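Chains as they are written, first to last, in this note's numbering: chain A, 30 to 115; chain B, 1482 to 1940.
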């Protein structure tokens, strides 16, 4: 997956976790927590959805990398480069 | 080999099952009883549908609210708010001699009622509210301080303190005489600051929805399947032996059977972690009426009553403590155009398990009739007298609670000492549900979700 495909995938996951959030105005540089109503259970769901959909394993120590869209995509790029978008 | 075996198909077990099955685990829920639900269940008798447990769902926030336990539960289980078809209460009250405090799902009503009945306490009340708002229920540090001490510091009118304790203890205190401040805060928010609601079809709608979801995700549910024991080897559960003799394996076990009940299943001898069972149990009467309660002038959804200035939250010496109680009319929710076919009045009161458990079948049936009348006589001091409109009645006692929940002593809210982190002395056995810490339907579901997330998903 390329950078923009990973971004699309994360948006899709966010939409499934928080269907009522308006994601069209999401600022990629700003922490999710500061612009969306996400709690620690929702962050676990981002990790779990990535595992369910793409078998990407994220160790608990790395959860902090998922703070914003930019940091998430940067973190996931090497892990998801060989995954073919369905 | 299952990834997770869950003991108990109540609200918490089903919710945990949905979480785990959604993330592709092999999950099996074992239910001892012939039906699902545990404490919150339903049955049909002489052609009528009855609910047990549920009076109302707490934590009812307006649709679209993004914070709070209800929003969290819907998100975590991928359930739409519309699927639960929750109708809000019409309005409830707390009645003590000479004082009535009304409340509904708009917190301003309770504020104005306190300003009217206790004008000298309104500033103190605001201080209580601001402390409650600050309490963080996701924080692991359980605030095990006395709610009574805390309220005595903040409020100088003892009657008002008793009037807060009455509904909050009835709806979820396993501890006698007092509550933990954390538990008090959670309950206060869930009942007064969020609100009460109910699906038109009652608790069966919620349970059936949860089961359908669980099965749809590939989860297995086995009814009439009690656990005989958990085979323990070297600090680890290595097998679940069922009452039918079969043995099944799971990588981990999540038990909603209750703390002492779960510990007793472990075959590693007397566990170091034993603790006393809860002592608080209920009787509940149910009357079906030939009129809607509103036609008798009864508009209240839930009435919490107490007949003196002091509220006693303790195991009664009498078979039933009729000094206080909860009167619930499921008709009095805002179902829009729909009305329930018949009127229903349910009355819940504290009861003594040992007394009811010692009766033989004949005495038991006679005592049920006797105490049905006493409980009803007590309640009609606080609501319109409906005794001439009764078509049919039923009643549960502490022994009924045992039959539905398996909890020792019919302990309605489990043991007073909760295991907030859900851990046990065994590395792959965890507890959820009543004895983990949250009560009520929303609380139980959140308990199942939290324990599944914390202990069963991250490996």
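Backbone N, C-alpha and C define an ideal beta-carbon position, used for all residues, glycine too.
Keep in mind the model is a prediction, meaning the values are calculated, not measured.
Proximity test, residue i beta-carbon vs the ligand NAD heavy atom, cut-off 6 Å
{"i": "residue 1665(B)", "result": "This structure lacks the ligand NAD, and indeed carries no ligand of any kind."}
Residue i, enclosing beta strand (DSSP E) - first and last residue
{"i": "residue 1677(B)", "result": "Note, residue 1677(B): premise wrong, no beta strand (DSSP E); not H, not E."}
{"i": "residue 1503(B)", "result": "First-last for residue 1503(B): 1492–1503, but that is the alpha helix (DSSP H), not the beta strand (DSSP E)."}
{"i": "residue 1829(B)", "result": "1824–1832"}
{"i": "residue 1873(B)", "result": "1871–1877"}
{"i": "residue 1712(B)", "result": "1708–1713"}
{"i": "residue 104(A)", "result": "Residue 104(A) -> not in any beta strand (DSSP E); alpha helix (DSSP H) instead, spanning 98–109."}
{"i": "residue 1735(B)", "result": "1731–1736"}
{"i": "residue 1935(B)", "result": "Unbroken run through residue 1935(B): none, as it is neither H nor E."}
{"i": "residue 1899(B)", "result": "First-last for residue 1899(B): undefined, no H or E at that position."}
{"i": "residue 1741(B)", "result": "Not the beta strand (DSSP E): residue 1741(B) falls in the alpha helix (DSSP H), residues 1740–1746."}
{"i": "residue 1573(B)", "result": "1573–1577"}
Test item: CB-CB of residue i and residue j under 7 Å
{"i": "residue 1921(B)", "j": "residue 1739(B)", "result": "no"}
{"i": "residue 1770(B)", "j": "residue 1853(B)", "result": "no"}
{"i": "residue 1485(B)", "j": "residue 1937(B)", "result": "yes"}
{"i": "residue 1758(B)", "j": "residue 1916(B)", "result": "no"}
{"i": "residue 2020(B)", "j": "residue 1510(B)", "result": "One cannot answer for residue 2020(B) here, as it falls past the ends of chain B, which runs 1482 to 1940."}
{"i": "residue 1678(B)", "j": "residue 1569(B)", "result": "yes"}
{"i": "residue 1772(B)", "j": "residue 1870(B)", "result": "yes"}
{"i": "residue 1517(B)", "j": "residue 1688(B)", "result": "yes"}
{"i": "residue 108(A)", "j": "residue 35(A)", "result": "no"}
{"i": "residue 1923(B)", "j": "residue 1540(B)", "result": "yes"}
{"i": "residue 1581(B)", "j": "residue 1587(B)", "result": "no"}
{"i": "residue 1926(B)", "j": "residue 1554(B)", "result": "yes"}
{"i": "residue 1865(B)", "j": "residue 1655(B)", "result": "no"}
{"i": "residue 1599(B)", "j": "residue 1628(B)", "result": "no"}
{"i": "residue 1469(B)", "j": "residue 1708(B)", "result": "Residue 1469(B) falls outside the range modelled here, since chain B spans only 1482 to 1940, and no answer is possible."}
{"i": "residue 1638(B)", "j": "residue 1794(B)", "result": "no"}
Residue i, enclosing alpha helix (DSSP H) - first and last residue
{"i": "residue 1805(B)", "result": "Where residue 1805(B) is concerned, there is no enclosing alpha helix (DSSP H), although the beta strand (DSSP E) it sits in stretches over 1805–1809."}
{"i": "residue 1688(B)", "result": "1684–1697"}
{"i": "residue 1860(B)", "result": "1842–1860"}
{"i": "residue 1647(B)", "result": "1639–1651"}
{"i": "residue 1583(B)", "result": "Element bounds for residue 1583(B): not the alpha helix (DSSP H) but the beta strand (DSSP E), 1580–1584."}
{"i": "residue 1772(B)", "result": "First-last for residue 1772(B): undefined, no H or E at that position."}
{"i": "residue 1550(B)", "result": "1550–1558"}
{"i": "residue 72(A)", "result": "69–83"}
{"i": "residue 1669(B)", "result": "1662–1669"}
Nonlocal neighbours in the same chain, by C-beta distance under 6 Å from residue i, ignoring five residues either side
{"i": "residue 1700(B)", "result": "1498, 1502, 1508"}
{"i": "residue 1736(B)", "result": "1488, 1743, 1912"}
{"i": "residue 1685(B)", "result": "1523"}
{"i": "residue 1596(B)", "result": "1603"}
{"i": "residue 1787(B)", "result": "1577, 1647, 1805"}
{"i": "residue 1855(B)", "result": "1803"}
{"i": "residue 1821(B)", "result": "1812"}
{"i": "residue 1635(B)", "result": "1605, 1608, 1609"}
{"i": "residue 88(A)", "result": "none"}
{"i": "residue 30(A)", "result": "109, 112, 114"}
{"i": "residue 1500(B)", "result": "1930, 1933"}
{"i": "residue 1625(B)", "result": "1661"}
Residue-chain proximity (residue i, chain B), Cβ-Cβ < 7 Å
{"i": "residue 66(A)", "result": "yes"}
{"i": "residue 95(A)", "result": "no"}
{"i": "residue 55(A)", "result": "no"}
{"i": "residue 73(A)", "result": "yes"}
{"i": "residue 109(A)", "result": "no"}
{"i": "residue 81(A)", "result": "yes"}
{"i": "residue 30(A)", "result": "no"}
{"i": "residue 98(A)", "result": "no"}
Neighbour flag for residue i against chain A, beta carbons, 7 Å
{"i": "residue 1504(B)", "result": "yes"}
{"i": "residue 1934(B)", "result": "yes"}
{"i": "residue 1557(B)", "result": "yes"}
{"i": "residue 1547(B)", "result": "yes"}
Own chain partners of residue i with C-beta closer than 7 Å, once the 5 adjacent residues on each side are dropped
{"i": "residue 72(A)", "result": "92, 95"}
{"i": "residue 64(A)", "result": "55, 56"}
{"i": "residue 111(A)", "result": "none"}
Neighbourhood of residue i by C-beta, 8 Å cutoff - its chain only, sequence neighbours within 5 removed
{"i": "residue 1531(B)", "result": "1523, 1524, 1525, 1767, 1875"}
{"i": "residue 1690(B)", "result": "1560, 1564, 1565"}
{"i": "residue 1571(B)", "result": "1585, 1780, 1781, 1782, 1813, 1814, 1815"}
{"i": "residue 99(A)", "result": "57, 58"}
{"i": "residue 1801(B)", "result": "1764, 1830, 1831, 1832, 1833, 1852, 1855, 1856"}
{"i": "residue 47(A)", "result": "65, 66, 67, 71"}
If we count Cβ pairs, one from each stretch, closer than 8 Å, do we get three or more for the stretch 72–91 of chain A versus the stretch 1695–1706 of chain B? Taking 8 Å as the limit for Cβ pairs, the verdict is that the stretch 1695–1706 of chain B does not touch the stretch 72–91 of chain A.
Taking one C-beta from the stretch 1907–1918 of chain B and one from the stretch 1802–1822 of chain B each time, how about it: are there three or more such pairs within less than 8 Å? Judged by pairs of C-beta atoms under 8 Å, the stretch 1907–1918 of chain B does not touch the stretch 1802–1822 of chain B, as fewer than three such pairs exist.
Are the stretch 1762–1781 of chain B and the stretch 1823–1837 of chain B in contact at 8 Å, needing three or more beta carbon pairs? They touch, by the three-pair rule.
Pairing CB atoms from the stretch 1672–1681 of chain B with CB atoms from the stretch 1926–1935 of chain B, are three or more of them under 8 Å? In short, these stretches do not touch, since the Cβ pair count stays below three.
Quick check: the stretch 1835–1848 of chain B against the stretch 1878–1898 of chain B, are at least 3 beta-carbon pairs closer than 8 Å? In short, these stretches touch, since the Cβ pair count reaches three.
Cβ pair count under 8 Å reaching 3, the stretch 1604–1613 of chain B against the stretch 1545–1561 of chain B: No, the stretch 1604–1613 of chain B is not in contact with the stretch 1545–1561 of chain B.
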